[in-house]
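Chemist: Let me begin by handing over the structure; questions about it come next.
Protein chains: 2
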Amino acid sequence: MYYTLIVDFLVMNYNKKFMRKAIALSIENIKNGGGPFGAVIVKDGKIVSTGVNCVTVNSDPTAHAEIIAIRKASKKLGSFDLTGCDIYTSCEPCPMCLGAVYWAHLDKMYYGNTKSDAKNIGFDDSFIYDELELKPENRQVRTTQLLPEEAIVAFETWSKTEDKVRY
Amino acid sequence: MYYTLIVDFLVMNYNKKFMRKAIALSIENIKNGGGPFGAVIVKDGKIVSTGVNCVTVNSDPTAHAEIIAIRKASKKLGSFDLTGCDIYTSCEPCPMCLGAVYWAHLDKMYYGNTKSDAKNIGFDDSFIYDELELKPENRQVRTTQLLPEEAIVAFETWSKTEDKVRY
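Protein chains in written order, with my numbering: chain V, 1 to 167; chain G, 168 to 334.
If you want it as structure tokens, here you go:
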């Protein structure tokens with residue numbers, strides 16, 4: 001009983017430490033001209049990488065804190081598969097970043113602010129979540145399927161390729 | 168009447184030309200050891216950038232064809248806002264890439280294969296779409312909110328900052 005309580009307390013403190021780092025990065029980044037977002041990737045109790053939002057600073061719409069932290073961690077660990085790593089992000093990820101969390105196979109995710117908090121200060125996270133749930137033809141981005149009979153050749157070729165690296 | 172038909176024919180041929188380029192890139196990329204995906208970004212009838220899937224080649228889980236094409240176009244045009252550009256992608260984007268399409272403010276999107284086609288050859292696109300529709304606590308990535316009362320300070324600071332660049 002006491003043992004379980006002590007372990008819970010230690011784990012919670014451990015998690016809070018990394019979340020506080022992500023939050024500190026998010027606040028610091030505003031002073032540097034970036035958006036109010038920070039992220040930290042942790043493996044075996046150590047920080048592997050950090051990221052802050054650099055959309056405006058780098059002129060890159062994909063440069064969200066989580067994407068940057070994932071790219072840096074992958075480079076550092078030499079793998080596109082971050083199994084065994086956790087991410088601490090100062091805000092619930094947008095669909096782009098949550099997609100990246102899945103592709104990277106991160107184990108656990110901790111977040112501070114919510115997508116509604118982000119919406120309240122003018123960010124599109126919540127809007128994009130709503131759009132993704134719609135059928136392509138009902139989304140605000142006008143979407144058209146073209147030449148599926150030609151596009152499928154790539155997938156047929158991939159299926160027949162024997163020495164491919166899966167991911 | 169005839170005029171409309173001719174314009175439709177020309178626009179369709181124009182769109183098919185760029186889609187065929189994206190498809191050619193997707194097939195070529197298999198030979199180079201990458202995944203079967205290609206994308207092209209077009210502005211005013213000219214190709215601004217291209218991208219192919221480099222996840223395994225670059226050890227980067229975010230290196231999907233669309234993300235690479237968007238990053239290259241943003242760098243070339245010197246802006247995180249790609250309003251006025253269209254994207255032609257050999258496969259319906261995954262949530263990560265569709266999120267990026269929104270953040271980049273691309274005008275129109277054309278795709279060849281569907282997310283179901285991608286699922287049929289072993290890719291997780293369809294699974295990730297399903298996960299995003301679930302509440303965070305029901306997703307396969309274990310998700311926990313931490314320290315929201317501390318995280319919100321970044322958003323409050325952002326709101327009070329006067330000379331920020333919005334995106």
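Quick reminder that beta carbons are idealized off the backbone N, C-alpha and C, glycines included.
1. Can a CB atom of chain G be found closer than 7 Å to the CB of Glu28(V)?
2. Using a Cβ-Cβ distance under 7 Å, would Ser74(V) count as near chain G?
3. Counting beta carbon pairs with one atom in the segment 100–109 of chain V and one in the segment 295–310 of chain G, are three or more of them shorter than 8 Å?
4. Going by CA-CA distance only, name the one from Pro315(G), Arg306(G) and Pro203(G) that's closest to Asp117(V).
5. Using a beta-carbon distance cut-off of less than 9 Å, what residues from the segment 269–280 of chain G approach chain V?
6. Whose CA, out of Ala154(V), Tyr167(V), Gly112(V) and Glu133(V), lies closest to the CA of Thr311(G)?
7. Return the chain-ordered list of same chain residues with a C-beta closer than 6 Å to the C-beta of Ser255(G), the five sequence neighbours on each side being excluded.
8. For Asp227(G), I'd like the list of residues in its chain whose CB is within less than 8 Å of its CB, leaving aside the five on either flank, ordered along the chain.
9. What residues from chain G crowd round Tyr167(V), counting only those whose CB sits closer than 8 Å?
10. Measure from the alpha carbon of Leu132(V) to the alpha carbon of each residue in Asn287(G), Pro260(G) and Arg306(G), then state which is nearest.
11. Tell me the DSSP secondary structure of Val219(G) in three-state form.
12. By Cβ distance, which residues of its chain are closer than 7 Å to Pro136(V), with the 5 residues on each side in sequence left out?
13. Going by C-alpha to C-alpha distance, which of Glu66(V), Ala65(V), Lys75(V) and Leu106(V) sits closest to Thr83(V)?
14. Which residues share a DSSP beta bridge with Gln140(V)?
15. Could you name the residues of chain G that Phe80(V) contacts, counting a contact when the two beta carbons are closer than 7 Å?
16. Considering only the beta carbon of each residue, do Phe204(G) and Ser257(G) sit closer than 7 Å?
17. Asp196(V) by DSSP, collapsed to three states: which one?
18. Round the Cβ separation of Ser216(G) and Lys198(G) to the nearest angstrom and send it over; I've been treating them as touching at under 8 Å.
19. Using a C-beta to C-beta distance shorter than 8 Å, which residues of chain V count as neighbours of Cys261(G)?
20. Since Tyr169(G) and Phe247(G) are thought to touch, with beta carbons under 8 Å apart, how far apart are those beta carbons, to the nearest angstrom?
21. Buried or exposed: where does Met12(V) fall if 16 or more other Cβ atoms within 10 Å of its Cβ makes it buried?
22. Given a cut-off of 7 Å, decide if Gly200(G) and Val224(G) are closer than it, judged by their beta-carbon atoms.
Modeler: By the coordinates alone:
1. Translated into positions along the first sequence, residue 28(V) becomes position 28. Chain G contact via Cβ: absent.
2. If you number the first sequence from 1, residue 74(V) lands on position 74. Judged by the 7 Å Cβ criterion, Ser74(V) is in contact with chain G.
3. Taking a contact to require three or more Cβ pairs closer than 8 Å, the segment 295–310 of chain G and the segment 100–109 of chain V qualify as touching.
4. Mapped onto the first sequence, residue 117(V) falls at position 117. Ranking Pro315(G), Arg306(G) and Pro203(G) by Cα distance to Asp117(V) puts Pro315(G) first.
5. For the segment 269–280 of chain G, which is checked against every Cβ of chain V, the residues closer than 9 Å are Tyr269, Trp270, Ala271, His272, Leu273, Asp274, Lys275, Met276, Tyr277, Tyr278, Gly279 and Asn280.
6. As a working note, residue 311(G) is residue 144 in the second sequence. Closest by C-alpha distance to Thr311(G), out of Ala154(V), Tyr167(V), Gly112(V) and Glu133(V), is Gly112(V).
7. Start at 1 with the first residue of the second sequence, and residue 255(G) comes out as number 88. Checking the sequence, you will find Tyr at residue 255(G) rather than Ser. Counting only Cβ-Cβ distances below 6 Å, and skipping sequence neighbours, we find Phe185, Met186, Ala189, Val207 and Tyr277.
8. Taking the second sequence and counting its residues from 1, one reaches residue 227(G) at position 60. Cβ within range, chain order: Cys221.
9. Position 167 of the first sequence, counting from 1, holds the residue named residue 167(V). Within chain G, the C-beta atoms nearer than 8 Å to that of Tyr167(V) come from Gly202, Val222, Thr223 and Pro228, in chain order.
10. Your numbering for residue 132(V) matches position 132 in the first sequence. Nearest C-alpha to Leu132(V): Pro260(G).
11. As a position in the second sequence, residue 219(G) is number 52, starting the count at 1. In this structure, Val219(G) counts as strand in the three-state DSSP scheme.
12. Here residue 136(V) corresponds to residue number 136 of the first sequence, with the count starting at 1. Around Pro136(V): Thr143.
13. Residue numbering aside, residue 83(V) sits at position 83 when the first sequence is read from its first letter. The option with the nearest alpha carbon to Thr83(V) is Leu106(V).
14. Working through the first sequence from its first residue, we reach residue 140(V) at position 140. Per DSSP, none; premise fails for Gln140(V).
15. Residue 80(V) sits at position 80 when you count from the first residue of the first sequence. Against Phe80(V), the close residues of chain G are Val222, Thr223, Ser226, Asp227 and Pro228, in the order they occur along the chain (beta-carbon pairs closer than 7 Å).
16. Position 37 of the second sequence holds residue 204(G). Position 90 of the second sequence holds residue 257(G). Yes. Within cutoff.
17. As shown, chain V starts at 1 and ends at 167. That puts residue 196(V) outside it, with no answer to give.
18. For the purposes of this step, residue 216(G) is identified with residue 49 of the second sequence, where counting begins at 1. For the purposes of this step, residue 198(G) is identified with residue 31 of the second sequence, where counting begins at 1. In this structure Ser216(G) does not touch Lys198(G) by the C-beta definition: roughly 21 Å separates them, more than the 8 Å allowed.
19. Your numbering for residue 261(G) matches position 94 in the second sequence. Per Cβ cutoff of 8 Å: Gly99 and Trp103.
20. As a working note, residue 169(G) is residue 2 in the second sequence. As a working note, residue 247(G) is residue 80 in the second sequence. Their Cβ separation, rounded to whole angstroms, is 43 Å, which puts Tyr169(G) and Phe247(G) out of contact at 8 Å.
21. Along the first sequence, read from residue 1 onward, the residue named residue 12(V) stands at position 12. Met12(V) comes out exposed.
22. The residue you call residue 224(G) lines up with position 57 of the second sequence. The residue you call residue 200(G) lines up with position 33 of the second sequence. Taking 7 Å as the Cβ cut-off, Val224(G) and Gly200(G) qualify as a contacting pair.
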